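Chemist:
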Amino acid sequence: KGWYTSPYDIPHDVSIVASYKVSGRVLLSANWVYQSGRPINAPVARWEYSNLILPYFPGRNNDRMPAYHRLDLGFELKGKQKPGRRYESSLNFSIYNFYSRKNANAVYFIQDYETQNKTKAMKVSLFRFMPSVTYNFKF
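Going by the working numbering, the first residue of the sequence shown is number 2, and it counts up by one from there.
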């Protein structure tokens, strides 16, 4: 019927990756990601019909979610290499979303109970801060 923005339209997508080898066994890394908000369907008005409050959507993907950004940090410690060994090992510590930003994974709309004639946007956030530990073994 008409043109609309693709759900995968992200005009700004920036990733900065840095790693620093402290020594032969220690590696520090950082990863920062920024994306402008994805398009969403958002109601712009409401109307009442037979005691039902119905939202009015003027078109597809008429609004955008909040911008998304996070910082991931990592620390890798390699196992000691001894002559004659045929295997390698490493221990990794990492933190996903280091500054614990509540990035919106989804947005939904509800009736504002304080002001009955308004609609409120609610965002769903996942993985605010996630540490992890990994042991790698190569043979």
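Glycine residues also receive a C-beta, built at the ideal position from the N, C-alpha and C atoms. Everything numeric in this text was worked out from a predicted model, so none of it was measured.
If you compare alpha carbons, which of Asn118, Asp14, Asp73 is closest to leucine 53?
Modeler: Considering only alpha carbons, the answer is Asn118.
Chemist: Kindly list the residues whose CB is nearer than 6 Å to the CB of asparagine 32, restricted to its own chain and excluding five residues on each side of it in sequence; keep chain order.
Modeler: Closer than 6 Å at Cβ, skipping near neighbours: Val18, Asp73.
Chemist: Around the C-beta of leucine 106, are 16 or more other C-beta atoms found within 10 angstroms, so that it is buried, or is it exposed?
Modeler: It is worth fixing the name first, because residue 106 is asparagine in this sequence and not leucine. The residue is exposed, with fewer than 16 neighbouring Cβ atoms inside 10 Å.
Chemist: Just to confirm my understanding: we take alanine 122, look at its own chain, exclude 5 residues before and 5 after, and list those with CB closer than 6 Å. What are they?
Modeler: The answer, listed in chain order, is Val108, Phe110.
Chemist: Look at serine 16 and valine 45 and say whether their C-beta atoms are less than 7 Å apart.
Modeler: Cβ atoms of serine 16 and valine 45: not closer than 7 Å.
Chemist: With a CB to CB cut of under 6 Å and the five nearest residues on each side skipped, what residues in its chain are close to glycine 75?
Modeler: So the qualifying residues of the chain are Ser30, Ser95.
Chemist: Relative to the C-alpha of valine 125, which candidate in Ser24, Tyr69, Tyr100 has its C-alpha closest?
Modeler: Here the closest residue by C-alpha is Tyr69.
Chemist: Under DSSP, the beta strand (DSSP E) around isoleucine 54 begins and ends at which residues?
Modeler: It spans 53-57 - the beta strand (DSSP E) in which isoleucine 54 sits, taken as one unbroken run.
Chemist: What do you reckon, are the CB atoms on methionine 66 and tyrosine 97 nearer than 7 Å?
Modeler: Their beta carbons are not under 7 Å apart, which means methionine 66 does not touch tyrosine 97 by this criterion.
Chemist: Output the boundary residues of the beta strand (DSSP E) element that contains histidine 70.
Modeler: Per DSSP, histidine 70 belongs to the beta strand (DSSP E) from 69-79.
Chemist: Can you name the residues that DSSP bridges to phenylalanine 138?
Modeler: According to DSSP, phenylalanine 138 bridges with Ser90.
Chemist: Let me know the secondary structure DSSP gives isoleucine 96 once reduced to three states.
Modeler: Note: isoleucine 96 maps to strand in three-state DSSP.
Chemist: Quick one: what's tyrosine 35 bridged to in DSSP?
Modeler: Paired residues: Val15, His70.
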